[in-house]
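J.: Pasting a structure below so you can have a look.
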Amino acid sequence: ASIHYVHGLALLKLGRFEEAIKPFQGCIAERDEPTFTARFKGVEGPGPHHLLAYCLAKTGQEETAIAEYEQALDMAPEATSVRHGYAHYLTELEQPEKAVKLLFDAIENGSIDAHLWSLGCHIVNGHLNDSEVALHWTDCAIDEFPEHPEISKQRGIALLTVGNFKDALVFFEKTPQHPLNEGARILCCIATGQTAQLSDPDKEQLISTAFMEWYRRLLERGQNESANRLAENIDTLETVLPTAAMVLREAVS
-4 ASIHYVHGLA LLKLGRFEEA IKPFQGCIAE RDEPTFTARF KGVEGPGPHH
46 LLAYCLAKTG QEETAIAEYE QALDMAPEAT SVRHGYAHYL TELEQPEKAV
96 KLLFDAIENG SIDAHLWSLG CHIVNGHLND SEVALHWTDC AIDEFPEHPE
146 ISKQRGIALL TVGNFKDALV FFEKTPQHPL NEGARILCCI ATGQTAQLSD
196 PDKEQLISTA FMEWYRRLLE RGQNESANRL AENIDTLETV LPTAAMVLRE
246 AVS
């Protein structure tokens, strides 16, 4: 079983996922057999099922991948790496509701950690069209990990999405410099009547594109009143992001 496991690991690390399937299956089939030497670390427990599930997922074998993820999770419900991988895979399969349910289960059994909270933030903000769930999840996440940079940013996104620009700005002011973050920060400043400054004028077009992406997000989530508030401040926007102001003028004309 140990030989199969090490073989499978080597193939997986080389990205040869289809070839790695058989060794992991062999490991699972033989690991309960008597052995005269200590088993390789990882052979016992959910590891082989988890890695097999990953390889099956990578090769498009959806049903068997899910079965292996379920097996791994049944063996170790508190294994955060298994739960993270399974929830991520379900999200890729466009089943975000099931993924979020998996993460809520981690809250119930006490195994949730920063990685699971952060993944949940990405799912509720990026794959669920349910602002209430996004607000609830990110609120709980930021309570648990108030200094976590990704969770902090995701909390800002959830607040921005419902037009709560004042509270969202608090979080976007702490995010690393990036066009998407800066676009969100400037949008929140404009919407709340605060002075907005561009940190890097050379990136004005990139940040303008990001600003318009956030504007479109508001429209897609039914936040027309919040979007209109931005349209009413085009002149102010023009002093900071002239490209975004030009595009917004065309959009609302």
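Residues in the sequence shown are numbered from -4 upward in steps of one, following the numbering used here. We treat Cβ as the ideally placed atom computed from N, Cα and C, and that holds for glycine. This structure is a prediction, so every number in the text was calculated from the model and none was measured.
List the endpoints of the continuous alpha helix (DSSP H) containing Leu214.
T.: Where Leu214 is concerned, the enclosing alpha helix (DSSP H) stretches over Glu199 to Glu215.
J.: With DSSP collapsed to three states, give me the class of Asn120.
T.: In the structure shown, Asn120 sits in a helix (DSSP, three-state: H, G or I).
J.: Take Ala244 and list the residues in its own chain whose beta-carbon comes closer than 7 Å to its own, dropping the five residues that flank it on each side.
T.: As written in the sequence, residue 244 is Arg, which differs from the Ala given in the question. Same-chain partners within the cutoff: Ile229.
J.: Can you give me the Cβ contacts of Leu51 inside the same chain, cut-off strictly under 7 Å, excluding the 5 residues immediately before and after it?
T.: Excluding positions up to five away in sequence, the list reads Ile16, Thr59, Ala60 and Glu63.
J.: Could you tell me the alpha carbon to alpha carbon distance between Asn124 and Glu92, rounded to whole angstroms?
T.: So the alpha carbons of these two residues sit roughly 10 Å apart.
J.: Taking the alpha carbon of Leu7 as the reference point, which residue from Thr187, Phe19 and Ser(-3) has its own alpha carbon closest?
T.: Cα-wise, what sits closest to Leu7 is Phe19.
J.: Cβ of Ile185 within 9 Å of Cβ of Thr231?
T.: Yes, the Cβ-Cβ distance between Ile185 and Thr231 is below 9 Å.
J.: For the alpha helix (DSSP H) containing Glu142, name the first residue and the last one.
T.: Counting along the chain, Glu142 falls outside any alpha helix (DSSP H), and DSSP gives it neither H nor E.
J.: Would you mind giving the Cβ-Cβ distance between Leu98 and Ala82, rounded to the nearest angstrom? I have them listed as a contact below 8 Å.
T.: Correct: roughly 6 Å between the Cβ atoms.
J.: Could you check if Val77 is buried or exposed, using at least 16 other CB atoms within 10 Å of its CB as the buried criterion?
T.: By the neighbour-count rule (16 or more Cβ atoms within 10 Å), Val77 is buried.
J.: Could you check the C-alpha separation between Ile202 and Ala129 for me, to the nearest Å?
T.: Each residue's alpha carbon lies about 25 Å from the other.
J.: Cβ atoms of Ser126 and Ala153: under 9 Å apart, would you say?
T.: Yes, the Cβ-Cβ distance between Ala153 and Ser126 is below 9 Å.
J.: Is Arg180 buried or exposed, if buried means 16 or more other CB atoms sit within 10 Å of its CB?
T.: Looking at its Cβ environment, which holds 16 or more other Cβ atoms inside 10 Å, Arg180 is buried.
J.: Quick one, which of Trp209, Glu13 and Gly115 has its alpha-carbon nearest Gly178's?
T.: Measuring from the Cα of Gly178, the nearest candidate turns out to be Trp209.
J.: To the nearest angstrom, report how far apart Gly151 and Leu46 are at their CA atoms.
T.: Rounded to whole angstroms, Gly151 to Leu46 spans 34 Å at the Cα level.
J.: List in chain order: all unbroken alpha helix (DSSP H) runs of 4+ residues lying wholly within the stretch 38 to 116.
T.: Whole alpha helix (DSSP H) segments, 4+ residues: 42 to 53, 57 to 70, 75 to 87 and 91 to 103.
J.: Within the 9 Å Cβ cut-off, does Ser113 reach chain C?
T.: Among the protein chains of the structure shown there is no chain C, as only one such chain exists.
J.: Can you list, in chain order, the residues of its chain with a C-beta nearer than 8 Å to that of Asn120? Leave out the 5 residues immediately preceding and following it.
T.: Excluding positions up to five away in sequence, the list reads Ala129, Thr133, Gln149, Ile152, Ala153 and Thr156.
J.: In three-state terms, what does DSSP make of Gly178?
T.: Correct three-state label for Gly178: helix.
J.: Which residues in the same chain as Ala222 place their Cβ atom closer than 7 Å to its Cβ, once the five residues preceding and following it in sequence are excluded?
T.: Contacts found: Tyr210, Leu213 and Leu214.
J.: Can you give me the C-alpha to C-alpha distance between Gly3 and Ile146, rounded to a whole angstrom?
T.: Between Gly3 and Ile146, the C-alpha separation is close to 34 Å.
J.: Output the distance between the C-alpha atoms of Ser106 and Gln200, rounded to the nearest integer angstrom.
T.: Approximately 43 Å between the Cα atoms of the pair.
J.: Distance, Cα to Cα, Leu182 vs Thr54?
T.: Cα-Cα distance, rounded: 42 Å.
J.: Classify Gly188 as helix, strand or coil using the three-state DSSP reduction.
T.: Coil at Gly188, not helix or strand.
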